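For the protein sequence lines, the chains are S and R, in the order given. Using numbering that gives the first Met the number 0, the first residue of the first sequence is number 0, and each one after it goes up by one. Using numbering that gives the first Met the number 0, the first residue of the second sequence is number 0, and each one after it goes up by one.
Number of protein chains: 2
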Amino acid sequence: MTKRVTIKSIAHDLGISHMTVSRALSNSSKVREQTRRKVLQRAQEIGYVKSFAAATMRGEQTALIGLLLPNLVNEFYARFADSLAQHLEVEGQQLIIHLSGDDIDKERQALLKLREIQANRVVMVPAPGVYENQKGYLQDLQIIQLIRQREMNVAAGAVLVDDSGAIVQAVAHLADQGHRRIAYIGGDSLLSSGRSRLAAFLSGMRLAGLEPGADQMITERPSFAMGYHSARGLVDQGRVTAIVCGGFEISNGALHACLARGISLSGDISFIGFGDPSWYRWIGGGISTIKIPVTSLAAKTAEMLVKKDSAEKNYDFRHQLTAEFIRRRSS
Amino acid sequence: MTKRVTIKSIAHDLGISHMTVSRALSNSSKVREQTRRKVLQRAQEIGYVKSFAAATMRGEQTALIGLLLPNLVNEFYARFADSLAQHLEVEGQQLIIHLSGDDIDKERQALLKLREIQANRVVMVPAPGVYENQKGYLQDLQIIQLIRQREMNVAAGAVLVDDSGAIVQAVAHLADQGHRRIAYIGGDSLLSSGRSRLAAFLSGMRLAGLEPGADQMITERPSFAMGYHSARGLVDQGRVTAIVCGGFEISNGALHACLARGISLSGDISFIGFGDPSWYRWIGGGISTIKIPVTSLAAKTAEMLVKKDSAEKNYDFRHQLTAEFIRRRSS
DNA sequence: TTGAAAGCGCTAACAA
DNA sequence: TTGTTAGCGCTTTCAA
């Protein structure tokens, strides 16, 4: 293994002090032009790169942004990560991605790692749950919560989506079409998103003069499997004529279940998904959905991430974008 | 801003030397049990985490793995990243993801960043092209090329896919169905994958006794847009009855074009995609495709990544998994 | 069982 | 214009 290339090795090669090399590389004016050129050339030759570790140890900010997502398989998360990465690349920031699988312990682990590496900012979709012992897992971390919000007892920004309007609209639309037995599958109340989406669904039903039976509203820890099983149960029982989904994973799971059962979504049962994967429009003539503005979310997040570069003060804000009800053939 | 918590601050609080703290935290036997307990407790209290920067500067390996992908929007890449992240998490490794957009300059930039941060291993889907001046961009980096292979003039491992068999099979199948004018849309010859897939297509045609016209084989720098335009052109000209795709992005683009044109893929034109996004099976009765084993690829890659932890020697191997032709209604 | 010194790569502050 | 020193957080080596 060849030794690392450092300013000292350059200095040694050129018979000058490492300080001169440092100055030459950082465009200081206090270097003779000729010296600078020699240094730059030598640096090129032997492939010098500045040591991140040394810079960090001296107290420089790291330009590392942590991104903590449930997974990357769901197109929403993948698109968000993709879009955010592109924004950050422009700023010269690097993205460190951790997947939580919506598991709070993994989330804690990931935050620890991010703290070690001194990622100063973290964008996270919080997992459902609470920390057993909340000793400074978030210390030194500037946090932006995405989509969902959890009590953090620490200043934390939030980029959220107001999906109430879209959900109410979706329910109203179903009622208009004559649906009476409309089911809802969503996340449980551990997270802000679970609570508010359910509330929106109920409010939509009430506005339509409908009263949902308790067995028509399934709220549990959200996941693909949960969506799958819930939808299959509803379909098999045959007691509902429409399904509204309240989560990305849930939506895909539920859709999968319906398709696997051979249900016609433009006939047998009306279906309203959540999020808007590129392929929803091509399935069964098009899946109606609550569309979440991924790109805007990423742009807004990037903006927040960067803006605070200057004002290092309290990281505490709350932005809300709006979801949209997209009507296609499935409803 | 509170000052960083270090072993020195703990030492100061406890009125002992930072060396004792260091020993206590690293489970050295040379510490009095009582002292150790006090240190551990204090560390807990004030949320101490070991400094990544300091460790790195001392010469410790970083546990950072760079992942360089064209994008995360394509489900294949997203699944690969997801899967790899899960494997690596177990090993305590962190994934730093950079997106190249298949642009060689961005790729170069990303590699530089990875070198700065001392990510010792990098998994990359090489972008088409060559470096203008190849001065040690890869120095100190242990590289695994994924899917495609490019001349690197540096020892680099490779985890590839042998898709020839599947492509030949796909063409044979189309010929069996009576197709004579079969088109191919794939990447150009700058990359190994582009060359080998085209070769496989040609060989399949030859075996079926068919001679493809030059205008039926479109090979360019691969992208979604390229697939989209190529397919639209083919469809509009109406000179072919089947399309075979030779790339992930291309496949999605081409499929999109066909769907947007309202083509029936189980009637008008036969279509064989590339990669197997979860939704291909639900579109138009199911899209036939060349399926690439994502999960196995990630597993194999993780294995290589970890195995070499022990033997720090030459990073030079070549593994090949096999693609599979999946027949659905679109062909 | 504890502590002091040195060094990893770099730059601010001072000295020449 | 160039060089020397010190210190960021940590562990290895040597000394007490």
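Glycine included, each C-beta is placed from N, C-alpha and C at the ideal position. Remember, it's a predicted structure, so these values are computed and weren't measured experimentally.
How far does the alpha helix (DSSP H) with Arg41 (chain R) in it reach, from first residue to last? Here residue 41 (chain R) refers to the residue found at position 42 when the second sequence is read from its first residue. Looking at the DSSP string, the run of the alpha helix (DSSP H) that includes Arg41 (chain R) is Glu32 to Ile45.
So, with DSSP's three-state summary, where would you put Thr19 (chain S)? Start at 1 with the first residue of the first sequence, and residue 19 (chain S) comes out as number 20. If DSSP states are grouped into helix, strand and coil, Thr19 (chain S) belongs with the helices.
Kindly indicate the opening and closing residues of the alpha helix (DSSP H) around His172 (chain S). Against the first sequence, residue 172 (chain S) aligns to sequence position 173. Note, His172 (chain S): alpha helix (DSSP H), Ser163 to Asp175.
Contacting positions in the region 102-114 of chain S - beta carbon closer than 7 Å to chain R: Considering only beta carbons, the part of the region 102-114 of chain S lying closer than 7 Å to chain R consists of Leu111, Lys112 and Arg114, in chain order.
Quick one, are the C-beta atoms of Ala171 (chain S) and Gly212 (chain S) less than 8 Å apart? Within the first sequence, residue 171 (chain S) is the residue found at index 172, counting from 1. Within the first sequence, residue 212 (chain S) is the residue found at index 213, counting from 1. Going by C-beta atoms, Ala171 (chain S) is not nearer than 8 Å to Gly212 (chain S).
Could you tell me whether the region 142-160 of chain S touches the region 43-57 of chain R, using the rule of 3 or more Cβ pairs below 8 Å? Flag = no, the region 142-160 of chain S and the region 43-57 of chain R do not touch.
Less than 8 Å separating the beta-carbons of Val293 (chain R) and Phe75 (chain R)? In the second sequence, counting from the first residue as 1, residue 293 (chain R) sits at position 294. In the second sequence, counting from the first residue as 1, residue 75 (chain R) sits at position 76. Judged by beta-carbon spacing, Phe75 (chain R) lies within the 8 Å limit of Val293 (chain R), meaning their Cβ atoms are closer than that value.
Rounded to whole angstroms, what's the CA-CA distance from Ser27 (chain R) to His17 (chain R)? Just pull it up for me. Locating residue 27 (chain R) in the second sequence gives position 28, where the first residue counts as 1. Locating residue 17 (chain R) in the second sequence gives position 18, where the first residue counts as 1. Between Ser27 (chain R) and His17 (chain R), the alpha-carbon positions lie close to 14 Å from each other.
Would you please verify whether the beta carbon of Asp275 (chain R) is less than 8 Å from any beta carbon of chain S? Against the second sequence, residue 275 (chain R) aligns to sequence position 276. Cβ-Cβ to chain S under 8 Å: no for Asp275 (chain R).
Using 8 Å as the limit for Cβ to Cβ distance, is Ser25 (chain S) near chain R? Within the first sequence, numbered from 1, the residue matching residue 25 (chain S) stands at position 26. It does not; no Cβ of chain R falls within 8 Å.
Could you give the uninterrupted runs of the beta strand (DSSP E) lying entirely in the region 98-139 of chain R, keeping only those of 3 residues or more? Unbroken beta strand (DSSP E) runs of no fewer than 3 residues, entirely contained in the region 98-139 of chain R, are found at 120-123, following chain order.
Need the endpoints of the alpha helix (DSSP H) that Glu88 (chain S) sits in, please. As a working note, residue 88 (chain S) is residue 89 in the first sequence. Counting along the chain, the unbroken alpha helix (DSSP H) around Glu88 (chain S) starts and ends at Glu74 to Glu90.
Can you give me the start and stop residues for the alpha helix (DSSP H) that His11 (chain R) sits inside? The residue you call residue 11 (chain R) lines up with position 12 of the second sequence. Ile6 to Leu13 is the extent of the alpha helix (DSSP H) around His11 (chain R).
Along chain S, in chain order, which residues have C-beta atoms closer than 7 Å to that of Asn70 (chain R)? In the second sequence, residue 70 (chain R) corresponds to position 71, counting from 1. Neighbours of Asn70 (chain R) on chain S, chain order: Asp81.
Kindly indicate the opening and closing residues of the beta strand (DSSP E) around Lys290 (chain R). The residue you call residue 290 (chain R) lines up with position 291 of the second sequence. Lys290 (chain R): member of the beta strand (DSSP E) spanning Ser287 to Lys290, first to last residue.
C-alpha gap between Ala10 (chain R) and Leu111 (chain S), whole angstroms: Walking along the second sequence from the start, residue 10 (chain R) turns up at place 11. Walking along the first sequence from the start, residue 111 (chain S) turns up at place 112. Spanning the alpha carbons of Ala10 (chain R) and Leu111 (chain S) requires a straight line of approximately 22 Å.
Should the region 311-325 of chain R be called in touch with the region 158-175 of chain R, which here means at least 3 C-beta pairs below 8 Å? Verdict: yes, contact present.
Let me see if you follow: with CB-CB separation under 8 Å, is Met56 (chain R) close to chain S or not? The residue you call residue 56 (chain R) lines up with position 57 of the second sequence. So, interface residue.
7 Å Cβ cut-off: residues of chain R touching Ala77 (chain S): Taking the first sequence and counting its residues from 1, one reaches residue 77 (chain S) at position 78. Leu71, Val72 and Ala77, listed in chain order.
Taking its Cβ as the centre, do 16 or more other Cβ atoms sit within 10 Å of Met0 (chain R), making it buried, or is it exposed? Taking the second sequence and counting its residues from 1, one reaches residue 0 (chain R) at position 1. With a pLDDT of 48 at Met0 (chain R), under the threshold of 50, the modelled position of that residue is not reliable, and the figure given next carries that caveat. Taking all protein chains in view, the Cβ of Met0 (chain R) is surrounded by fewer than 16 other Cβ atoms within 10 Å, so the residue is classified as exposed.
In terms of DSSP beta bridges, what is Cys244 (chain S) paired with? Looking up residue 244 (chain S) in the first sequence gives position 245. Answer is S:Ile184, bridged to Cys244 (chain S).
Can you check whether the C-beta of Ala122 (chain S) is within less than 8 Å of a C-beta belonging to chain R? For this step, residue 122 (chain S) is matched to residue 123 along the first sequence. The identity of residue 122 (chain S) in the sequence shown is Val, whereas the question assumes Ala. Closer than 8 Å: no.
Quick check: is the beta carbon of Ile39 (chain R) nearer than 8 Å to any beta carbon in chain S? Locating residue 39 (chain R) in the second sequence gives position 40, where the first residue counts as 1. Rather than Ile, the amino acid found at residue 39 (chain R) in this sequence is Leu. No, Leu39 (chain R) lies away from the interface with chain S (no Cβ there is under 8 Å from its Cβ).
Which partner residues of Leu94 (chain S) appear in the DSSP bridge assignment? Position 95 of the first sequence, counted from the first residue, corresponds to residue 94 (chain S). Paired residue(s): S:Ile64 and R:Ile96.
Closer than 6 Å by C-beta to Lys299 (chain S): which residues in its own chain qualify, once you throw out the five before and the five after it? Chain order, please. To locate residue 299 (chain S), count along the first sequence from 1; it is residue 300. Contacts found: Val158 and His318.
Could you check the C-alpha separation between Ile15 (chain S) and Lys29 (chain S) for me, to the nearest Å? As a working mapping, residue 15 (chain S) is identified with position 16 in the first sequence. As a working mapping, residue 29 (chain S) is identified with position 30 in the first sequence. Counting only the Cα atoms, Lys29 (chain S) lies some 14 Å from Ile15 (chain S).
Rounded straight-line distance, which links the Cα of Ile96 (chain S) to that of Asn73 (chain R): For the purposes of this step, residue 73 (chain R) is taken as residue 74 along the second sequence, with counting starting at 1. For the purposes of this step, residue 96 (chain S) is taken as residue 97 along the first sequence, with counting starting at 1. Put simply, the backbone Cα of Asn73 (chain R) is about 17 Å away from that of Ile96 (chain S).
Need the endpoints of the beta strand (DSSP E) that Glu302 (chain S) sits in, please. The count along the first sequence starts at 1 and reaches residue 302 (chain S) at position 303. No beta strand (DSSP E) holds Glu302 (chain S); the alpha helix (DSSP H) holding it covers Val293 to Lys306.
Please name the residue, chosen from S:Gln40, S:Thr240 and S:Lys49, that lies closest to His178 (chain S) on a Cα-to-Cα basis. As a first step, residue 178 (chain S) must be located in the first sequence, where it is residue number 179. Relative to the Cα of His178 (chain S), the nearest Cα in the group S:Gln40, S:Thr240 and S:Lys49 belongs to S:Thr240.
Quick one: what's got a C-beta closer than 7 Å to Glu219 (chain S)'s C-beta in the same chain, skipping five residues either side? As a position in the first sequence, residue 219 (chain S) is number 220, starting the count at 1. Hits under 7 Å: Asp187 and Met225.
DSSP three-state call for Phe316 (chain S): helix, strand or coil? Position 317 of the first sequence, counted from the first residue, corresponds to residue 316 (chain S). Looking at Phe316 (chain S) - three-state DSSP - the assignment turns out to be coil, as it is neither helix nor strand.
Verify the CB distance criterion: does Phe332 (chain R) have a CB-CB separation below 8 Å to chain S? Residue 332 (chain R) lies beyond the stretch modelled for chain R, which goes from 0 to 330, so this question has no answer here.
DSSP state of Met204 (chain S), grouped into three classes? Here residue 204 (chain S) corresponds to residue number 205 of the first sequence, with the count starting at 1. Under the three-state reduction of DSSP output, Met204 (chain S) falls in the helix class.
Assigned exposure category for Ser25 (chain R) - 16 Cβ within 10 Å defines buried: Taking the second sequence and counting its residues from 1, one reaches residue 25 (chain R) at position 26. Exposed is the call here.
Would you please verify whether the beta carbon of Ala52 (chain R) is less than 8 Å from any beta carbon of chain S? Your numbering for residue 52 (chain R) matches position 53 in the second sequence. So, interface residue.
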